[in-house]
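Working notes, beginning with the structure itself.
2 protein chains.
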Amino acid sequence: MTTPNKRDDIVRSAMELIAEHGFHGAPMAMVAERAGVGAGTIYRYFENKEILIIEMYQEIEAKMYALILDGYANEAPIRARFIHLWTALLRYFIQFPLDFRYLEQFRNSPYGVACRRDKILGNKVGEYNVFRELFEQGAAQQVVKDLPLVILFSLSFGPLLAVTRDYILGFVELDETMIKRTIEACWDAVKR
Amino acid sequence: MTTPNKRDDIVRSAMELIAEHGFHGAPMAMVAERAGVGAGTIYRYFENKEILIIEMYQEIEAKMYALILDGYANEAPIRARFIHLWTALLRYFIQFPLDFRYLEQFRNSPYGVACRRDKILGNKVGEYNVFRELFEQGAAQQVVKDLPLVILFSLSFGPLLAVTRDYILGFVELDETMIKRTIEACWDAVKR
DNA sequence: TATAAAAGAATGAACGTTCATTCTTACTGG
DNA sequence: CCAGTAAGAATGAACGTTCATTCTTTTATA
Numbered sequence: 369m370t371t372p373n374k375r376d377d378i379v380r381s382a383m384e385l386i387a388e389h390g391f392h393g394a395p396m397a398m399v400a401e402r403a404g405v406g407a408g409t410i411y412r413y414f415e416n417k418e419i420l421i422i423e424m425y426q427e428i429e430a431k432m433y434a435l436i437l438d439g440y441a442n443e444a445p446i447r448a449r450f451i452h453l454w455t456a457l458l459r460y461f462i463q464f465p466l467d468f469r470y471l472e473q474f475r476n477s478p479y480g481v482a483c484r485r486d487k488i489l490g491n492k493v494g495e496y497n498v499f500r501e502l503f504e505q506g507a508a509q510q511v512v513k514d515l516p517l518v519i520l521f522s523l524s525f526g527p528l529l530a531v532t533r534d535y536i537l538g539f540v541e542l543d544e545t546m547i548k549r550t551i552e553a554c555w556d557a558v559k560r
Numbered sequence: 369m370t371t372p373n374k375r376d377d378i379v380r381s382a383m384e385l386i387a388e389h390g391f392h393g394a395p396m397a398m399v400a401e402r403a404g405v406g407a408g409t410i411y412r413y414f415e416n417k418e419i420l421i422i423e424m425y426q427e428i429e430a431k432m433y434a435l436i437l438d439g440y441a442n443e444a445p446i447r448a449r450f451i452h453l454w455t456a457l458l459r460y461f462i463q464f465p466l467d468f469r470y471l472e473q474f475r476n477s478p479y480g481v482a483c484r485r486d487k488i489l490g491n492k493v494g495e496y497n498v499f500r501e502l503f504e505q506g507a508a509q510q511v512v513k514d515l516p517l518v519i520l521f522s523l524s525f526g527p528l529l530a531v532t533r534d535y536i537l538g539f540v541e542l543d544e545t546m547i548k549r550t551i552e553a554c555w556d557a558v559k560r
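Chains F and H, in that order, are what the protein sequence lines are. So for the first sequence, our numbering puts the first residue at 369; every next one is plus one. So for the second sequence, our numbering puts the first residue at 369; every next one is plus one.
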């Protein structure tokens, strides 16, 4: 009975449980039960829990990039591009809070740290990265602060993620103007 | 054999393990071994693991407040007070990276979220809070952005914590000028 | 010797993973 | 069109391990 969506059921189930209760609050048995499959079935689709976790992250990342790059104008001014990307990101998180919470769990796990270490210290120079490109051009045009790339990332993503977190935890409401002003504050942190 | 520092040994051991490997990477048996005590001994000092975790958080918080309030001038201008507090906080994290990593683990745990929820929604109006006072006065004097308190917190702590995290993970170096410019960028995010 | 403290072996619950088995589907020759 | 059979997807009980906590024994102190 190979329904084509059995894998998707497992992913959705694991995602909900992990986003809400963390990796250790999502035992495979519970993932299986919620997905409506047998415990062993998961292992037909994913070699083990770690691989399930990493593949889920990669799927979210791909989905996220597709969304924020939609309508992105490569030749627009730095500030406009920044506003576009950060706004799209915040909207994405608002629309898919489960994705955000999963990413947060991932970020704070050994997998996430290792992943980030690779990206930063690995010096994948060939690899294309919208964010890096944006900041490098911004530095060249002297419209963003003259600081290391890593710090520019932290200064601009830090507040965005913190606000998103508070919104998703129900600590604050975000209407259109609040979104706009939050993104502008993120820009203020990096603009020269 | 009541050495007076047995409790401290347990706390230090638990702190190191939790900071480095998370709550689930710090089994009680390992905490005991590193502290040089028997597994059962821990339960003479702490009722259970959860209470150990929470008490450790409270100890760090107290230590942190003592440090950042040292030399804090209540009547100084908003910006100067902001710089003082954020700089002291960053220096504290740099000096005690274990404390920072423990706090991060705690923040991302159910304990930490519940704790924060209490502080924000509990409306502990009577409770004194330097940060809230600073932002409220800043808003009154129109030197900080007219945004909800929660968002001002996120905008200013978000980048600080993100940069600290990158420093502690070894992704970036922080000399005196870099510290100064990072704090100023945090200020830029909230200043009007 | 009596009492409190410390130790670490014992316990039971919970976990990720495996595997013998069952069930479903696809394919075959008549 | 229909048995009959092979292939492989799905299952869930069972396993070995790990964990927090408890219990019994040993040790130190008074």
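The beta-carbon is built from N, C-alpha and C at its ideal position, and this holds for glycine as well.
Around the C-beta of Leu-529 (chain F), 16 or more other C-beta atoms lie within 10 Å, and the residue is accordingly described as buried. In the DSSP assignment, the residues bridged to Lys-559 (chain H) are H:Val-512. Apart from sequence neighbours up to five positions away, the residues of its chain that approach Leu-502 (chain F) with a beta-carbon distance below 8 Å are Ile-446, Arg-449, Phe-450 and Leu-453, ordered along the chain.
Proximity of the segment 422-439 of chain F to the segment 401-411 of chain F falls short of the contact definition, fewer than three beta-carbon pairs being nearer than 8 Å. Here Met-424 (chain F) is not near Ala-407 (chain F), since their CB atoms are 8 Å or more apart. At a cut-off of 8 Å between beta carbons, Ala-530 (chain H) contacts chain F. In this structure, DSSP gives Gly-526 (chain F) a helical state, which the three-state scheme calls helix. In this structure, the beta-carbon distance from Asp-556 (chain H) to Asp-556 (chain F) falls below 8 Å. Judged by DSSP secondary structure, Val-379 (chain H) falls within the alpha helix (DSSP H) whose first and last residues are 374-389.
In the three-state reduction of the DSSP assignment, Asp-543 (chain F) falls in the coil class, being assigned neither a helical nor a strand state.
Against Pro-445 (chain F), chain H offers no close residue; the least beta-carbon distance is about 19 Å (beta-carbon pairs closer than 7 Å).
With its beta carbon at least 8 Å from every one in chain F, Phe-461 (chain H) lies outside the interface.
The Cβ neighbour count for Pro-527 (chain H), taken over all protein chains shown within 10 Å, is at least 16; the residue is labelled buried. The three-state reading of DSSP puts Ala-441 (chain F) in coil, since its state is none of H, G, I, E or B. Using a CB distance below 7 Å, the part of the segment 513-541 of chain F facing chain H consists of Lys-513, Leu-515, Pro-516, Val-518, Ile-519, Ser-522, Leu-523, Phe-525, Gly-526, Pro-527, Leu-529, Ala-530, Val-531, Asp-534, Leu-537, Phe-539 and Val-540, ordered along the chain. Counting along the chain, the unbroken alpha helix (DSSP H) around Phe-474 (chain H) starts and ends at 465-475. In this structure, H:Arg-549 is the residue among H:His-392, H:Arg-549, H:Gln-473 and H:Asn-476 with its C-alpha nearest to the C-alpha of Val-512 (chain F). Distance from Leu-466 (chain F) to Ala-387 (chain F) at the Cβ level is roughly 5 Å; contact confirmed, criterion being Cβ atoms closer than 8 Å. When the five nearest sequence neighbours on each side are left out, the beta carbons in the same chain lying within less than 8 Å of the beta carbon of Gln-510 (chain H) are those of Arg-560, in order along the chain.
By the criterion of at least three beta-carbon pairs nearer than 8 Å, the segment 378-387 of chain F is in contact with the segment 470-485 of chain F. Chain F places no beta carbon closer than 8 Å to that of Arg-469 (chain H), leaving this residue out of the contacts. Relative to the Cα of Phe-539 (chain H), the nearest Cα in the group F:Phe-525, F:Arg-485, F:Phe-499 and F:Glu-544 belongs to F:Arg-485.
Among the residues of chain H, those whose CB is under 7 Å from the CB of Asp-556 (chain F) are Asp-556 and Ala-557, following chain order. For the options F:Ala-394, F:Thr-409, F:Met-398 and F:His-392, the alpha carbon positioned closest to that of Lys-374 (chain F) is the one of F:Thr-409. Using a CB distance cut-off of 8 Å, Ile-428 (chain F) does not count as an interface residue toward chain H. Taking 9 Å as the upper bound on Cβ-Cβ separation, chain H lies near residues His-389 and Gly-390 of the segment 372-390 of chain F.
Contact check for Ile-536 (chain F) against Thr-455 (chain F) fails: the beta carbons are separated by 8 Å or more.
Neighbours of Val-481 (chain H) across chain F, judged by C-beta separation under 7 Å: Leu-537.
Judged by beta-carbon spacing, Ala-482 (chain F) lies beyond the 8 Å limit of Leu-420 (chain F), meaning their Cβ atoms are not closer than that value. Leu-523 (chain H) is positioned such that its CB atom lies no closer than 8 Å to that of Ala-441 (chain F). For Ala-553 (chain F), at least one C-beta of chain H is nearer than 8 Å to its own C-beta. Ile-488 (chain F) is positioned such that its CB atom lies no closer than 8 Å to that of Leu-542 (chain F).
With respect to the 8 Å criterion, Phe-391 (chain F) and Ser-477 (chain F) are classified as neighbours on the basis of their beta carbons.
For Leu-489 (chain H), the enclosing alpha helix (DSSP H) begins and ends at 478-489.
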